[in-house]
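For the sequence shown, position 6 (counting from the first letter as 1) is numbered 40 according to the numbering used here, and the numbering increases by one without interruption. Notes follow the structure.
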Amino acid sequence: MDAGKPAPDPVEHALELVGAVAEHSVFVGDTVWDMRAGTRAGIPCVGVLCGGIPRADLEAAGASAVYRDPAHLLASLSGSPLA
Numbered sequence: 035m036d037a038g039k040p041a042p043d044p045v046e047h048a049l050e051l052v053g054a055v056a057e058h059s060v061f062v063g064d065t066v067w068d069m070r071a072g073t074r075a076g077i078p079c080v081g082v083l084c085g086g087i088p089r090a091d092l093e094a095a096g097a098s099a100v101y102r103d104p105a106h107l108l109a110s111l112s113g114s115p116l117a
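This is the structure we're talking about:
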C-alpha cells in the first residue's frame with residue numbers, strides 16, 4: 035500500500051483482501067478522509083456523525099447519506115443507499 039487515507043489505497047487494498055468490487059460495496063466512515071478515500075476508490079460512501087465531523091462536511095466530501103451513528107444506520111437500513 036503506497037499511501038493512507040484520503041488516498042484510495044487502503045480502501046482498494048481492503049477490497050482486494052475480501053474479494054469485493056467497488057460497484058458492489060459501500061464505504062461507511064466518520065471522517066472527511068474516509069469519504070474522500072471511499073469516493074476516490076469508486077465506492078458509494080455513507081457517513082456517521084459519531085466521529086464529530088459535521089454533516090455538511092461529510093456530504094461535501096462525498097457522503098451520499100449521513101446517519102447519527104452505526105445504530106441509526108442499521109435501524110434505517112431499508113431506506114438507506116445500502117438497500
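We put the CB at the ideal spot given by N, CA and C, even for glycine.
Roughly how many angstroms separate the alpha carbons of residue i and residue j, rounded to a whole number?
{"i": "Asp68", "j": "Ser112", "result": "23 Å"}
{"i": "Leu49", "j": "Val66", "result": "20 Å"}
{"i": "Asp43", "j": "Leu83", "result": "24 Å"}
{"i": "Pro78", "j": "Gly72", "result": "7 Å"}
{"i": "Ala37", "j": "His47", "result": "11 Å"}
Measuring alpha carbon to alpha carbon, tell me which of the options ends up nearest residue i.
{"i": "Ala99", "options": "Val80, Lys39 and Ala37", "result": "Val80"}
{"i": "Leu92", "options": "Phe61, Ala54, Ser110 and Leu108", "result": "Phe61"}
{"i": "Gly76", "options": "Gly53, Val45, Ser114 and Ala37", "result": "Val45"}
To which residues does DSSP link residue i through a beta bridge?
{"i": "Val100", "result": "Gly81"}
Need the endpoints of the alpha helix (DSSP H) that residue i sits in, please.
{"i": "Ala72", "result": "It is worth fixing the name first, because residue 72 is Gly in this sequence and not Ala. Residues Val66 to Arg74."}
{"i": "Ala48", "result": "Asp43 to Val52"}
Could you pull the start and end residues of the beta strand (DSSP E) that residue i belongs to?
{"i": "Val62", "result": "Phe61 to Gly63"}
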